[in-house]
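In what follows, a single structure is set out as structure tokens and then discussed.
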Amino acid sequence: MLNAGDVVSLRLPGAGGYGDPLERDPDLLLADVRDGKVTLESARRDYKVVIDPQTLTIDEAATAKLRSS
28 MLNAGDVVSL
38 RLPGAGGYGD
48 PLERDPDLLL
58 ADVRDGKVTL
68 ESARRDYKVV
78 IDPQTLTIDE
88 AATAKLRSS
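Numbering-wise (this note's numbering), the sequence shown opens with residue 28 and increments by one.
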């Protein structure tokens, strides 16, 4: 229960963000995946960045193909 004067702060990773997700630098997205802020599935679905789950590196060719479709 909150009382008068209480302050609530809510910080969420991977929120709506700003701008077109396809214009986001894939390397910045990769850092978010490695930090556990964005899932591999979300990287592919929402940002069209393909990341190898074993090496956690960007598959440049697959990413380019996905982004051009």
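Positions of the beta carbon are idealized from the N, C-alpha and C atoms, including for glycine.
- Tyr45 and Leu83 have their alpha carbons spaced roughly 25 Å apart.
- If you draw a straight line from the Cα of Pro48 to the Cα of Leu37, it is about 23 Å long.
- Ala88 sits exposed, since fewer than 16 C-beta atoms from the chains shown fall within 10 Å of its C-beta.
- Considering only Lys92, Leu93, Ser96, Asp86, the residue with the shortest C-alpha distance to Asp54 is Asp86.
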